[in-house]
DNA sequence: GCAAATACCTAGTAATATACTTGGAATTGG
DNA sequence: CCAATTCCAAGTATATTACTAGGTATTTGC
């Protein structure tokens, strides 16, 4: 049940953006360098983040990305779902998937998957980028290590 | 963040074993047929389940598998962890992994991963095979559909 | 004792998903 | 115009998953 690099890089990148929020538009190049992520790969992730209205962009010279709203209004859940898709443990209880099991309404295992799904969603929706940043500021923790591997 | 087939098949197989618990040792062949899972693949899963003391076996003709303890003492979490390994969303907060990030103690993102990890573990550890079975008996739900896909 | 049925074990493999790379087009500021 | 950037589509290498194949060991029933 590991997150893919998409989710992990996405959190790193969004925290990076939040840390530099006052500096205006930030280039992917600088994020890529600080967080040691492929710039081209980041592009793809930011396409998803933009689609989900989590970041805004300007093109051209002096272009870059900026958070689309306050860090306090950006949940970890919204970032992860934008990049990883639904956090449901099985397709059966994935809100995005339309074709369900034919016996979905009588399946006994379903409540297991629903409980896992809801627990994960509750957890990630209760954490905002702002709340993480606060912790970061209070403890002056390292901005270089926003993640592992 | 999907579970692999190991975890899903494992839950199906263990529920199947529990349903037939009074019949003594159950062959993998019959589980494979009922749940439509490759018998050879099930063998591999049951090697892990046995190692985790969740099932017992006898070999030879009339051999098979049986739950190693009461369904009420078998949590969904113990099954999933036996088959999927740690349910941690990133290696950083995986109890089984020894080599941590060098800056693990200062990493800001860590609390995100810890919260997800703990939420998942709490959820799956609060559900037992027995509790699912109870639901199954009360509602006379289908034993064929223990899972989706 | 032999045959059948099972668990047990190891290695290989096909399919799928992940994590990128490549090469460009469009846009903007100087 | 040119450099720097976002934006876009397609290709590819790697890793993981989900099996398959082929055997050995053990037990029961005849």
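Protein chains in written order, with our numbering: chain A, 1 to 149; chain B, 150 to 298. All C-beta atoms in this analysis are idealised placements derived from N, C-alpha and C, irrespective of residue type, glycine included.
Within 10 angstroms of the Cβ of residue i, are there 16 or more other Cβ atoms? Answer buried if so, exposed if not.
{"i": "residue 32(A)", "result": "buried"}
{"i": "residue 208(B)", "result": "exposed"}
{"i": "residue 272(B)", "result": "buried"}
{"i": "residue 178(B)", "result": "exposed"}
{"i": "residue 47(A)", "result": "exposed"}
{"i": "residue 121(A)", "result": "buried"}
{"i": "residue 16(A)", "result": "buried"}
{"i": "residue 115(A)", "result": "buried"}
{"i": "residue 24(A)", "result": "exposed"}
{"i": "residue 259(B)", "result": "buried"}
{"i": "residue 69(A)", "result": "exposed"}
{"i": "residue 119(A)", "result": "buried"}
{"i": "residue 200(B)", "result": "exposed"}
{"i": "residue 176(B)", "result": "exposed"}
{"i": "residue 63(A)", "result": "exposed"}
{"i": "residue 227(B)", "result": "buried"}
{"i": "residue 294(B)", "result": "Below a pLDDT of 50, predicted positions are generally treated as unreliable, and residue 294(B), at 48, falls in that range; the measurement from the model is reported next regardless. Buried is the call here."}
What residue range does the beta strand (DSSP E) around residue i cover?
{"i": "residue 55(A)", "result": "55 to 58"}
What does DSSP give as the partner residues of residue i in its beta bridges?
{"i": "residue 215(B)", "result": "205(B)"}
{"i": "residue 75(A)", "result": "128(A)"}
So residue i is in the alpha helix (DSSP H); what residue range does that whole segment cover?
{"i": "residue 243(B)", "result": "Here residue 243(B) belongs to no alpha helix (DSSP H), and DSSP marks it neither H nor E."}
{"i": "residue 159(B)", "result": "154 to 168"}
{"i": "residue 42(A)", "result": "39 to 51"}
{"i": "residue 181(B)", "result": "177 to 184"}
**OP:** Report the residues of the segment 42 to 76 of chain A with a CB closer than 8 Å to any CB of chain B, ordered along the chain.
**Re:** Hits within the stretch, in order: 76.
Subject >> Where the segment 151 to 163 of chain B meets chain A: residues whose CB sits under 9 Å from a CB there >> reply: Cβ contacts with chain A: 151, 152, 153, 156, 157, 160, 161.
Subject >> Residues from the segment 174 to 186 of chain B in contact with chain A, defined by Cβ distance under 7 Å >> reply: For the segment 174 to 186 of chain B, the set of residues with a beta-carbon nearer than 7 Å to any beta-carbon of chain A is empty.
Original post:
Of the residues that make up the segment 77 to 90 of chain A, which ones have a beta carbon closer than 7 Å to any beta carbon in chain B?
Top reply: Cβ contacts with chain B: 84, 87, 89, 90.
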